């Protein structure tokens, strides 16, 4: 417990939420598109985008897939969904939001067109099959014929044994008559026709035609728990080594009840302390509880107990005070990473009716510690405020020269 507290809060307290917020206030019902509920309920547990796990029999982890939208529906990134991880352990409750990043964030790179990534200099794409017909040559001199004739004159060693020029047709082979030569020519022409026909059929068949390739479009995952499952796998939670320490919990009413009970527990030591003001000549509880303000010295003392918090928005320990204003609008509050203290100040609570006085006496009288600021000429008597609690009383008497006489009394049966 001590090590977990040091790791989480040493050098980090207080965070941006203030000292009243030590742990996350986010729950599984927040930003859940499948269950719009103000608090944890069975409807939230039926959400397909939520699963709960237990790690090492000591840590409760919730994985929730939330929409990737910011305030007023603005997009917060390139993915459709975010992953929210809520962790509960012996040191408290924490939540993290994350998203998948495969590269720089949007806007960090200049937008690229649909041009190919690599270009070959001088290359122009051409459609397959648009071949040039070389059978029809332009009118003029036969350059190849002249070249062959020139080779025969300049390099006689290249001539055939018959000493014919290279641009003259060779005589038929010996032993081959005219009919055989005609048959061979017909076979060659028939093969040529078959090859031309095959090429034409291939050009007209779309399955045989080569087309330019483009990269496939990204497919957005549609599973309500896809990104959570991806994060679990990236963290190694789906490995066989983790199976004996990482377990999926069954979402039922028993788990819901225990989860609510766990969230309602305070992670810090809490105290509530009553503060009374007694003016000169006040001898009974009604006159003392009816005080709506005190002297300047008393107000300065109360201001030094802690900082004033608005009870309607206060997220820390309330000590039984109400947010609806029936027990006052503000109260002094003090907190560290291990302790929370709220002060029930009698002059901060309303006393305009008998019901208000009864409620004020119930809150003040149930506190274990009473601080009494007495400006009466006589010593404070414990029985003025009848209560079964008030085990310790700290009575402060202002004297001359800004000095104070302080008396601390306790019930006889208390050992401290």
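Residue numbers (full-length UniProt numbering): 1 to 416. By construction, the Cβ of each residue, glycine as well, lies at the ideal position given by its N, Cα and C atoms. Please read all numbers here as calculations on a predicted model, not as lab measurements.
Thinking C-alpha only, which one of the options is nearest residue i?
i	options	result
residue 300	402, 7 and 154	402
residue 309	68, 348 and 353	348
residue 245	12, 19 and 58	58
residue 85	91, 68, 101 and 60	60
residue 47	55, 33 and 38	33
residue 53	181, 376, 248 and 369	248
residue 50	56, 355 and 35	35
residue 260	67, 412 and 25	25
residue 405	374, 293 and 411	374
residue 92	101, 8 and 282	8
residue 353	372, 376, 327 and 207	327
residue 398	392, 379, 391 and 412	379
residue 2	319, 16, 369 and 90	90
residue 149	167, 369 and 159	167
residue 227	275, 169, 208 and 81	81
residue 391	305, 371, 377 and 376	371
residue 232	280, 215, 324 and 99	99
residue 351	329, 343 and 369	329
Can you tell me which of the three DSSP states residue i falls into?
i	result
residue 242	helix
residue 17	coil
residue 289	helix
residue 164	coil
residue 30	coil
residue 95	strand
residue 367	coil
residue 274	strand
residue 419	The shown model of the chain, from 1 to 416, leaves out residue 419, and the question about it has no answer.
residue 196	helix
residue 372	strand
residue 129	Any answer about residue 129 is weak, because its pLDDT of 44 lies below 50 and its placement is not dependable; what the coordinates show is given next. If DSSP states are grouped into helix, strand and coil, residue 129 belongs with coil.
residue 314	coil
residue 383	helix
residue 10	coil
residue 352	coil
residue 156	helix
residue 253	helix
Count the other C-beta atoms from every protein chain shown that fall within 10 angstroms of the C-beta of residue i, then say buried if there are 16 or more, exposed otherwise.
i	result
residue 161	exposed
residue 178	exposed
residue 367	buried
residue 157	exposed
residue 335	buried
residue 4	exposed
residue 154	exposed
residue 360	buried
residue 185	exposed
residue 22	buried
residue 331	buried
residue 298	buried
residue 11	exposed
residue 65	buried
residue 143	exposed
residue 219	exposed
residue 187	exposed
residue 243	exposed
residue 393	buried
residue 196	exposed
residue 277	buried
residue 102	exposed
residue 62	buried
residue 408	exposed
residue 120	Per-residue confidence for residue 120 stands at a pLDDT of 40, beneath the threshold of 50, marking its modelled position as unreliable; the derived number appears in the next sentence. Label assigned to residue 120: exposed.
residue 88	buried
Which residues does DSSP pair with residue i in a beta bridge?
i	result
residue 269	339
residue 409	393
residue 332	308
residue 444	Given a span of 1 to 416 for the chain in the structure shown, any question on residue 444 remains unanswerable.
residue 61	53 and 87
residue 66	82
residue 398	404
residue 344	274
residue 247	54
Taking one C-beta from the region 17-30 and one from the region 41-50 each time, how about it: are there three or more such pairs within less than 8 Å? yes
Looking at C-beta atoms only, is the number of pairs between the region 330-342 and the region 267-283 that lie closer than 8 Å three or more? yes
Evaluate contact between the region 246-264 and the region 306-325, counting only Cβ atoms and requiring at least three cross-stretch pairs below 8 Å. no
Is it a yes or a no for the region 257-267 touching the region 362-377, going by three-plus beta-carbon pairs under 8 Å? no
The region 276-292 in contact with the region 380-397 per 3-pair CB rule at 8 Å: yes
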